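The structure under discussion appears below in the form of structure tokens.
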Amino acid sequence: MTNAPALRVRRSIADIQADYDAGRKTELETLMRAWKGIKELGPNEFNSFFMIGGFHGEPFRGPGAQTPAWWGGYCQHGTVLFPTWHRAYLHRLESALRSIPGCESVTLPFWDETSTLSRKTGIPRALTDETFVLDGQTIPNPLRSFTLPATIVDAVTGDNDLYTKPQDYTTVRYPLSGLVGTPADRAATAAHNALYPTPSDQTRLLNGNIMNWLNTSFTVGGNTVGLIYQKFIDCLNTPTYTLFSNTTSAANWNNANPKALVVALESPHNSMHLAVGGFDVPGQGTFSPIAGANGDMGENDTAGLDPIFYFHHCFIDYVFWIWQRRHNATDTLAIDAADPGAKYGAQNQPPAGADPNATMAMTTPLEPFFRQYGVPYTSADVVNIEKQLGYTYGPASLDTYAAPPGPQVMAAVPTAVPGQTTVHVAGIDRSKIRGSFLVATWAELDGRKQLVGLDPVLSRWQTAGCANCQTKLRVTSDVALPPGADPASVAVEVHTRDGLLGHGPSPGSVGLLPETLAMAAAPQPFTVEIR
Numbered sequence: 001m002t003n004a005p006a007l008r009v010r011r012s013i014a015d016i017q018a019d020y021d022a023g024r025k026t027e028l029e030t031l032m033r034a035w036k037g038i039k040e041l042g043p044n045e046f047n048s049f050f051m052i053g054g055f056h057g058e059p060f061r062g063p064g065a066q067t068p069a070w071w072g073g074y075c076q077h078g079t080v081l082f083p084t085w086h087r088a089y090l091h092r093l094e095s096a097l098r099s100i101p102g103c104e105s106v107t108l109p110f111w112d113e114t115s116t117l118s119r120k121t122g123i124p125r126a127l128t129d130e131t132f133v134l135d136g137q138t139i140p141n142p143l144r145s146f147t148l149p150a151t152i153v154d155a156v157t158g159d160n161d162l163y164t165k166p167q168d169y170t171t172v173r174y175p176l177s178g179l180v181g182t183p184a185d186r187a188a189t190a191a192h193n194a195l196y197p198t199p200s201d202q203t204r205l206l207n208g209n210i211m212n213w214l215n216t217s218f219t220v221g222g223n224t225v226g227l228i229y230q231k232f233i234d235c236l237n238t239p240t241y242t243l244f245s246n247t248t249s250a251a252n253w254n255n256a257n258p259k260a261l262v263v264a265l266e267s268p269h270n271s272m273h274l275a276v277g278g279f280d281v282p283g284q285g286t287f288s289p290i291a292g293a294n295g296d297m298g299e300n301d302t303a304g305l306d307p308i309f310y311f312h313h314c315f316i317d318y319v320f321w322i323w324q325r326r327h328n329a330t331d332t333l334a335i336d337a338a339d340p341g342a343k344y345g346a347q348n349q350p351p352a353g354a355d356p357n358a359t360m361a362m363t364t365p366l367e368p369f370f371r372q373y374g375v376p377y378t379s380a381d382v383v384n385i386e387k388q389l390g391y392t393y394g395p396a397s398l399d400t401y402a403a404p405p406g407p408q409v410m411a412a413v414p415t416a417v418p419g420q421t422t423v424h425v426a427g428i429d430r431s432k433i434r435g436s437f438l439v440a441t442w443a444e445l446d447g448r449k450q451l452v453g454l455d456p457v458l459s460r461w462q463t464a465g466c467a468n469c470q471t472k473l474r475v476t477s478d479v480a481l482p483p484g485a486d487p488a489s490v491a492v493e494v495h496t497r498d499g500l501l502g503h504g505p506s507p508g509s510v511g512l513l514p515e516t517l518a519m520a521a522a523p524q525p526f527t528v529e530i531r
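Residue 341 in UniProt numbering sits at position 341 of the sequence shown; the count goes up by one each step and never skips.
Okay, structure coming up:
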């Protein structure tokens with residue numbers, strides 16, 4: 001009888017960095033060598049980072065390369081396949097890393113975003129240092145950015161070259177801008193980026209923004225309640241896979257069940273994309289908002305080209321696995337075929353190769369990932385990471401949530417909270433907003449205005465060229481008011497890359513331009529209902 005192969009262990013990148021700093025350098029050096037290797041492969045090679053990074057969004061392929069009725073990438077967002085597609089994606093990237101000679105045992109680490117270290121210092125140093133010493137030579141840090149080996153052309157009707165990136169373009173993060181598709185964009189980006197010329201300043205501002213996001217909270221009755229941090233915890237209590245998996249399903253449920261709100265894993269995931277990619281938390285921290293920050297992680301079109309994407313998503317996969325263990329779902333997952341998150345046309349287009357009229361199921365192919373020649377992975381193939389994919393996770397900050405809360409069986413459906421008051425925001429029109437945005441909810445609490453809700457929305461810069469976006473352009477947000485909050489004091493703002501939409505000035509308007517504040521006096525661009 002042969003023993004089963006040992007599981008590969010995906011560790012926290014911060015722990016690997018700590019080992020390196022203590023003189024145990026092999027694991028981090030091997031990881032850097034693997035990343036350097038796939039980034040140096042030709043753009044058309046099977047395991048090249050350019051090839052794999054482009055699976056998520058750009059460079060577009062299939063009908064979505066030109067036709068706005070399709071999404072030109074393969075990624076699943078706003079659907080029940082969001083967790084499983086990205087799990088297969090990480091497995092593909094990890095296999096490519098192991099294809100580099102000398103790196104056969106490498107695993108993909110995760111950025112433990114809810115750790116005390118992340119909340120106190122920001123992004124682990126291995127992901128932001130400008131250089132790394134490998135084999136006695138100082139090289140550009142392979143995990144800090146990616147320089148394109150070929151031009152990416154955005155030919156989608158209506159985009160007007162918005163997402164075009166030239167050969168030798170290098171990905172950027174907050175506080176920089178990466179919009180270079182048009183002459184006007186290039187001029188604006190050059191002027192903006194010149195304000196932050198040194199890598200050390202860029203990293204300092206980025207880490208400050210990350211800490212603001214991870215530590216954003218409100219105080220009620222002397223107790224501090226985190227917003228983004230708490231969402232990672234709250235999503236673990238969402239009882240069904242369908243509602244846990246994506247924002248479309250969760251929003252549909254929350255709209256119909258205001259006293260039994262749920263949080264989808266995709267929601268705090270979106271927050272961290274925007275934190276790295278270029279959004280400040282409204283009215284929080286000591287930094288003034290940096291208008292014009294447009295990092296690649298902030299849009300699905302370009303996010304997969306930044307190496308940090310994979311460390312972020314590895315953490316999301318870890319949270320997914322914790323949810324599975326907590327809900328006794330390590331071997332089976334159930335998709336509600338009647339849920340809007342199981343169909344295209346809700347919050348994302350059908351990706352390349354998909355049937356736009358299909359109902360998603362556990363047997364839906366996870367394009368473009370294949371178990372063997374001609375046989376695509378499906379969600380059913382990636383349910384159990386240990387038995388089916390051969391890896392597990394090392395120690396991390398949410399491990400204590402893997403066990404159900406006590407001996408009782410978790411509720412089969414979300415449980416209503418008696419007396420719960422909810423703020424329901426409706427009618428936010430994505431066609432009127434360029435790119436991703438935030439929905440911020442404020443209320444009077446403990447004698448002062450506090451930010452009590454923050455919903456991130458990942459959206460394309462040009463939804464007018466997106467046929468599916470046109471079919472479902474209205475975004476909703478539901479926030480449970482904390483006990484003691486005054487419903488009459490509620491103010492809601494939509495923070496966009498172009499300014500502020502809202503129901504009057506609030507603390508979130510601090511630091512914004514006068515023309516931005518003037519938007520608050522315009523006709524209300526959405527409705528707010530206290531339920």
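Cβ atoms here follow ideal geometry from the backbone N, Cα and C, with glycine treated the same way. For clarity, every value in this text was computed on a predicted model and none was experimentally measured.
Comparing C-alpha distances from LEU481 to each of THR203, PHE232, PRO418 and LEU458 shows the shortest one belongs to PRO418. Annotation for GLU367: TYR74, PRO351, ALA352, GLY353, ALA354 and PRO376 place their beta carbon closer than 8 Å to its own, counting only its chain and skipping 5 residues before and after.
Beta-bridge analysis with DSSP links TRP442 to LEU451 and ALA491. By the C-beta density criterion, ASN270 is buried, having at least 16 other C-beta atoms within 10 angstroms.
In the three-state DSSP reduction, GLU27 falls in the helix class (H, G or I). Ranked by Cα distance from PHE370, the first of ALA88, ALA22, MET32 and PHE49 is ALA88. When only Cα atoms are considered, ILE316 and THR527 end up about 32 Å apart. Under the 10 Å beta carbon count, ILE530 is surrounded by fewer than 16 other beta carbons and is classified as exposed. The C-beta distance from ALA14 to PRO124 rounds to 4 Å, short enough to meet the 8 Å contact threshold. In the DSSP assignment, ASP129 falls outside any alpha helix (DSSP H) and carries neither an H nor an E. At a Cβ-Cβ threshold of 8 Å, ALA6 and CYS103 do not count as neighbours. Using a Cβ-Cβ distance cut-off of 8 Å, the segment 210 to 225 and the segment 435 to 450 are in contact, since at least three pairs of beta carbons, one from each stretch, lie closer than that value.
The alpha-carbon of ALA22 is positioned some 44 Å away from that of ALA250. Your pair ARG144 and MET211 does not check out as a contact, with CB atoms roughly 19 Å apart and the cut at 8 Å. In the DSSP secondary-structure assignment, ASP429 is bridged to ARG474. Taking the C-beta atoms as reference points, TYR318 is found no nearer than 8 Å to TYR391. The Cβ atoms of GLY278 and ASN294 lie closer than 8 Å to each other. When Cβ pairs closer than 8 Å are counted between the two stretches, the segment 333 to 345 is seen to touch the segment 235 to 253, the count reaching three or more. Of LYS39, ALA260, ALA380 and GLY178, the smallest CA-CA separation from ASP234 is found for ALA260.
According to DSSP, GLU529 shares a beta bridge with HIS424.
If you check the CB distance, LYS343 and THR359 come in under 8 Å.
Taking MET362 as the centre and dropping the five residues before and after it, the same chain places the C-beta of LEU333, ILE335, THR378, SER379 and ALA380 closer than 7 Å to its C-beta, in chain order.
Remark: C-beta atoms of VAL494 and PHE437 approach each other more closely than 8 Å.
Take the alpha-carbon of ALA396 and the one of TYR229: they are about 14 Å apart. By the beta-carbon neighbour count (other beta carbons within 10 angstroms, threshold 16), GLN137 is exposed.
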